[in-house]
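Notes follow the structure.
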Amino acid sequence: MWDSIYDWLQTSGTKIAVIILIAWVVERFSAEFVSRLVKGSINPDNYASEREERLREKTITSLAITIVRVGIAGLAFMFVLSELSVDIGPLLAGAGVIGFALGFGAQSLIKDFIAGIYIVLENQYRVGDIVRLNDIGGKVQKITTRITVLRDLDGNVHYIPNGSINMATNMTMEYAKVNLNIGVSYDSDIDKVKQVINDVGLELSKDEAFSKFITEAPYFARITDFGDSALVIKIFGKVLPAKQWMIEGELRQRLKKAFDQHKIEIPFPQRVIHNKK
52 MWDSIYDWLQ TSGTKIAVII LIAWVVERFS AEFVSRLVKG SINPDNYASE REERLREKTI
112 TSLAITIVRV GIAGLAFMFV LSELSVDIGP LLAGAGVIGF ALGFGAQSLI KDFIAGIYIV
172 LENQYRVGDI VRLNDIGGKV QKITTRITVL RDLDGNVHYI PNGSINMATN MTMEYAKVNL
232 NIGVSYDSDI DKVKQVINDV GLELSKDEAF SKFITEAPYF ARITDFGDSA LVIKIFGKVL
292 PAKQWMIEGE LRQRLKKAFD QHKIEIPFPQ RVIHNKK
């Protein structure tokens, strides 16, 4: 018995070990090859910035490497079965019959796969983008042919089947906008309010700590509404992707100080009660 086991290890066992080793080496080198191939195939002129090019490259590389790895593993598995004297022909035929029988049950997987391919081909979002998929928002951690992985602000990780995504909102594609609504008192001098807002926006855009993120200084756009207790002012600006929240937070802080300095009131809702005796 031990002699037969030893003989098997000397022949088929050795071959199986070599197959696994070759598959492992090919998988390792294929990742570098795919990365170089994708990088060489991307034309920088087709992208608005280096960031857009980098995110696109990273997403396609991740998806391509996943597909290549599955293919290598599948081939290695077939070779191992052959060395184990398993007739692959009937196995493949049986797999075809089983696949046909399970076809209806696997429709969701096929839907996920096709949706994943379209997500990448159409460049809807990339690894590193901040998106909202249906009602879930977060940073894209990974995109495969089956799922998209998001991490939200609480650190929670969401695994979303690509085929279930009905609405994808990319909040970091090419550029982002500062879009603020701020209420001021009806007694405020609008010309003065406009001047203060524009001055604060311009000052922020020239600050060395923030200037590299701002492409258009925040400015007074219009009076957007007559609220119950305030005139609602719309403020716009243009910034680099994913920097809108940081810039908006700094802008609010500076506007509060500037409004206090110039005696511009930011009102709060008030209710007047008339007491009839």
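Quick note, in this note's numbering, the sequence shown goes up one by one and the last residue is 328. Positions of the beta carbon are idealized from the N, C-alpha and C atoms, including for glycine.
Handout entry: Straight-line gap, residue 44 to residue 251 (C-alpha atoms, nearest Å)
Key = Since the first residue of the chain shown is 52 and the last is 328, residue 44 is not available in this structure.
Practice task
Closer than 8 Å by C-beta to residue 89: which residues in its own chain qualify, once you throw out the five before and the five after it? Chain order, please.
Solution key: Residues of the same chain with a CB within less than 8 Å of the CB of residue 89, apart from the 5 flanking positions on each side, are 108, 111, 112, 115 in chain order.
Handout entry: Bridge-paired residues (DSSP) for residue 293
Key = Answer is none; residue 293 lacks a bridge partner.
Practice task
For residue 275, count neighbouring Cβ atoms within 10 angstroms of its own Cβ and tell me buried if that reaches 16, exposed if not.
Solution key: It counts as exposed.
Exercise for the section: Reducing DSSP to helix, strand and coil, say where residue 120 ends up. Expected result: Of the three classes helix, strand and coil, the one that applies to residue 120 here is helix, per DSSP.
Problem - Secondary structure of residue 312, DSSP reduced to three states - result: Helix.
Practice task
Go ahead and pull the three-state DSSP assignment for residue 210.
Solution key: Residue 210: strand per DSSP, three-state reduction.
Exercise for the section: Measure how close the beta-carbons of residue 260 and residue 214 come, nearest whole angstrom, since I'm counting them as under 8 Å. Expected result: No, residue 260 and residue 214 are not in contact; Cβ-Cβ is about 43 Å, not under 8 Å.
Practice task
Write down the C-beta distance between residue 225 and residue 103 rounded to the nearest angstrom, noting that I regard them as a contact closer than 8 Å.
Solution key: Confirmed, Cβ separation roughly 6 Å.
Practice task
Find the nearest neighbour of residue 228 within the set 69, 123, 268, judged by alpha-carbon distance.
Solution key: With distances taken between Cα atoms, residue 228 lies closest to 268.
Exercise for the section: With a 10 Å radius around its C-beta and 16 neighbouring C-beta atoms as the bar for buried, classify residue 176 as buried or exposed. Expected result: Within a 10 Å sphere around the beta-carbon of residue 176 sit 16 or more other beta-carbons, which makes this residue buried.
Problem - Which listed residue (178, 197, 83) has its alpha carbon closest to that of residue 189 - result: The shortest C-alpha separation from residue 189 is found at 178.
Exercise for the section: Give the single residue among 183, 162, 315, 205 whose Cα lies nearest to the Cα of residue 197. Expected result: The option with the nearest alpha carbon to residue 197 is 162.
Problem - Local Cβ density within 10 Å of residue 149, reported as buried at 16 or more and exposed below that - result: Confidence at residue 149 is low in this model, with a pLDDT of 49, below 50, so its placement is unreliable and no value can be given for it.
Practice task
List the endpoints of the continuous beta strand (DSSP E) containing residue 201.
Solution key: Run containing residue 201: 198-202, per the beta strand (DSSP E) assignment.
Exercise for the section: Please determine, among 272, 297, 241, 264, the residue with the shortest C-alpha to C-alpha distance to residue 310. Expected result: Selected option, being the one with the closest Cα: 241.
Exercise for the section: Taking residue 272 as the reference, give the member of 317, 262, 232 with the closest Cα. Expected result: When only C-alpha atoms are compared, the closest one is 232.
Practice task
From the DSSP output, in three-state form, read off residue 65 for me.
Solution key: Note: residue 65 maps to helix in three-state DSSP.
Practice task
Count the other C-beta atoms from every protein chain shown that fall within 10 angstroms of the C-beta of residue 125, then say buried if there are 16 or more, exposed otherwise.
Solution key: Only exposed fits residue 125, as fewer than 16 other CB atoms lie within 10 angstroms of its CB.
Exercise for the section: Using 10 angstroms around the beta-carbon of residue 180, count the other beta-carbons present and answer buried if the total reaches 16, otherwise exposed. Expected result: Under this definition residue 180 is a buried residue.
Exercise for the section: Identify whether residue 128 lies in helix, strand or coil by the three-state DSSP scheme. Expected result: Three-state DSSP puts residue 128 in a helix.
Problem - Identity of the residues DSSP links to residue 287 by a beta bridge - result: BP columns for residue 287 point to 230, 270.
Practice task
Would you kindly work out how many angstroms separate the C-alpha atoms of residue 277 and residue 290, rounded to a whole number?
Solution key: In a straight line, the C-alpha of residue 277 is about 28 Å away from that of residue 290.
Exercise for the section: List the endpoints of the continuous beta strand (DSSP E) containing residue 219. Expected result: 219-221 is the span of the beta strand (DSSP E), which, as asked, contains residue 219.
Exercise for the section: Report the option in 266, 168, 106 whose CA atom is closest to the CA atom of residue 330. Expected result: Nothing about residue 330 can be reported from this structure: the residues present for the chain run from 52 to 328 only.
Exercise for the section: For residue 319, I'd like the list of residues in its chain whose CB is within less than 6 Å of its CB, leaving aside the five on either flank, ordered along the chain. Expected result: Cβ neighbours of residue 319 beyond the five flanking positions: none.
Problem - Bridge partners - residue 243, DSSP secondary structure assignment - result: DSSP, once it has assigned bridges, lists no residue as partnering residue 243.
Handout entry: Chain-order list of residues whose beta-carbon lies under 7 Å from that of residue 184 (same chain, five-residue window excluded)
Key = Excluding residues within five positions, the ones whose Cβ falls inside 7 Å are 199, 201, 211, 216, 219.
Exercise for the section: Please report how far the alpha carbon of residue 92 lies from the alpha carbon of residue 265, in whole angstroms. Expected result: Spanning the two alpha carbons is a distance of roughly 31 Å.
Practice task
Taking only the alpha-carbon atoms, compute the straight-line gap between residue 121 and residue 256 and give it to the nearest angstrom.
Solution key: Roughly 49 Å between the two C-alpha positions.
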